[in-house]
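In the order they appear, the protein sequences are chains A and B.
366 is the number of the first residue of the first sequence in this note's numbering; add one for each residue after it.
366 is the number of the first residue of the second sequence in this note's numbering; add one for each residue after it.
Here the structure comes first, spelled out in structure tokens, and everything after it is commentary.
There are 2 protein chains.
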Amino acid sequence: MTTPAPGRRERKKAATRQAIADAALELFLAHGYEKVGIRDVAEAADVSTTTLFKHFSGKEALVFDREEDREAQLVAAVRDRRPGQGILDALREHVRAGWTATSGHPRAAEFFALIDATPALRDHGERMWTRHTAALGAAIAAEAGAPPGDLSCLALARFVLDIPALTRGRPDLGAAIDEIFTVLEHGWHPPERTRS
Amino acid sequence: MTTPAPGRRERKKAATRQAIADAALELFLAHGYEKVGIRDVAEAADVSTTTLFKHFSGKEALVFDREEDREAQLVAAVRDRRPGQGILDALREHVRAGWTATSGHPRAAEFFALIDATPALRDHGERMWTRHTAALGAAIAAEAGAPPGDLSCLALARFVLDIPALTRGRPDLGAAIDEIFTVLEHGWHPPERTRS
DNA sequence: ATCCATCAGTTGAACCGTTGCACTTTTGCA
DNA sequence: TGCAAAAGTGCAACGGTTCAACTGATGGAT
């Protein structure tokens, strides 16, 4: 009977949002991202296109819905690392654990296949990653005792966030991640030339 | 009377292309990128929008016109470096020299201001950079004697290409570039904590 | 209990980048 | 000279996105 902490209004709003996201995912998976128009999604969710855009900033946002707390998790991975553990180690652990988010997605397999098969979505995904550079860089700087905005910390953040793009499609993901972290830890060196 | 090496056809084609690019730049600088429509540009250049799109792949391409040989220059910077010079040093030199292209742009100052002021253009610019990752990575691998597609070489390429995004707006660009290359050379280390 | 400001949602049209289609003109070459 | 390819045209459409004016439910204040 009584309304819980979130008022009735916000519950309804959340429900519409969810309905839209669900309809979108279903249609995209069924017919492909490009074949489905905004108007189709809106109609399937039984809302107007304007309402859809009040909930989502664009077509791509319909797909990258649950990606919101990636940033918080990244920051937490650095800040709440085990005592004595280095920042780089903590990051590597987090990366190797699969970045922790969107695993547990309802239909994870099809979902990633969809993104992988759609250039527009791959692009957008990459941009979403690098958008966390500032936050992660700040967290690293804070933990390393560097002034906020320290360039090398910012660079490290960016480099770490490049990892998904760099390792996409590699057979052994763990090894690939390790290889990149080796560069980040000790710098880049030309692999020793094995003479014939 | 006789047609020189490039035939009359291609000269005319190049001329229209140039007319379009010029008209676009003028309008963009005068009124701002977003305020100017494709149809405006086409009309100013006295061509149809269809023709415009036969010459340029999209609105942003009107701005990033002369950016074509960036990739070749990057590869050359690595491949044709002074004998005995390390790959990283060659890259740093090239970066510090301003990446060599689009310097010499007619109205370089306003041009960069325009890009800087327009999020859509900043985004597109970044994507153009990272699109050279594969080529630069391959060049590095070739020079380092690594197998093509070597991950650490690819990562280095990507990291170097991140530099413009990372250093944007820094007061001392040279110092910023050096700081990043220090990370690339020796790895990232937390700056020594200066206790109060 | 009532009034009112707020905000989700609607409707319909427009805007803008982009593409397709059918067509004319120019150019290069055999 | 004739002809096929290429450059360009005009127009209409498509799809994502936004705008403006409106409706109606909600919830806090009186």
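Built from N, CA and C at the ideal position, the CB exists for glycine as well.
These numbers come from a predicted model, not from an experiment.
Counting only runs that start and end within the region 448-535 of chain A, where is the alpha helix (DSSP H) found for 4 or more residues in a row? Correct list: 452-461, 473-482, 484-495, 498-509, 516-532.
Using a Cβ-Cβ distance cut-off of 8 Å, determine whether residue 461 (chain B) contacts chain A. Interface residue (Cβ-Cβ distance to chain A less than 8 Å): residue 461 (chain B) is not classified as such.
Please report the Cβ distance between residue 443 (chain A) and residue 508 (chain A), rounded to the nearest whole angstrom; I am assuming they are in contact, meaning their Cβ atoms lie under 8 Å. Indeed, because the Cβ distance is near 6 Å, the residues count as touching under 8 Å.
Going along the chain, which residues of its own chain have a beta-carbon closer than 6 Å to the beta-carbon of residue 446 (chain B), five neighbours each way excluded? Correct list, in chain order: 455.
Is it buried or exposed, residue 434 (chain B), if we count other Cβ atoms within 10 angstroms and call 16 or more buried? Under this definition residue 434 (chain B) is an exposed residue.
Just the Cα atoms here: how many angstroms apart are residue 536 (chain A) and residue 458 (chain A)? Residue 536 (chain A) and residue 458 (chain A): Cα-Cα distance of roughly 19 Å.
Pairwise C-alpha distance: residue 498 (chain A) and residue 441 (chain A): If you take the alpha carbons of residue 441 (chain A) and residue 498 (chain A), they lie about 14 Å apart.
Using the C-alpha atoms, what's the distance from residue 542 (chain A) back to residue 528 (chain A)? One Cα belongs to residue 528 (chain A), the other to residue 542 (chain A), and the distance between them is close to 7 Å.
Would you say residue 555 (chain B) lies against chain A (beta-carbon separation less than 8 Å)? Interface residue, yes.
Within-8 Å CB hit, residue 515 (chain A) to chain B: For residue 515 (chain A), the answer is yes, since a Cβ of chain B falls inside 8 Å of its Cβ.
Alpha carbon to alpha carbon, how far is residue 475 (chain B) from residue 368 (chain A)? Give it in angstroms, no decimals. Any reading at residue 368 (chain A) must be qualified, since the residue scores a pLDDT of 36, below 50, and its modelled position is unreliable; no value is offered.
Would DSSP call residue 421 (chain A) helix, strand or coil? Coil, per DSSP.
Hey, could you find the ends of the alpha helix (DSSP H) residue 444 (chain B) is sitting in? Counting along the chain, the unbroken alpha helix (DSSP H) around residue 444 (chain B) starts and ends at 435-444.
For a contact meaning CB atoms closer than 8 Å, what does residue 551 (chain B) contact in chain A? Correct list: 551, 552.
Are residue 417 (chain B) and residue 406 (chain B) touching if we call contact CB-CB under 8 Å? Yes, the pair counts as a contact, with Cβ atoms nearer than the cut-off.
DSSP state of residue 388 (chain B) mapped onto helix, strand, coil: Three-state result, residue 388 (chain B): helix.
Any idea if residue 485 (chain B) is buried or exposed, counting beta-carbon neighbours within 10 angstroms, 16 or more meaning buried? Under a 10 Å Cβ-count criterion, residue 485 (chain B) is classified as exposed, with fewer than 16 other Cβ atoms of the shown protein chains found around its own Cβ.
Kindly indicate which residue of A:396, A:409, A:514 has the alpha-carbon position closest to the one of residue 381 (chain A). Cα-wise, what sits closest to residue 381 (chain A) is A:409.
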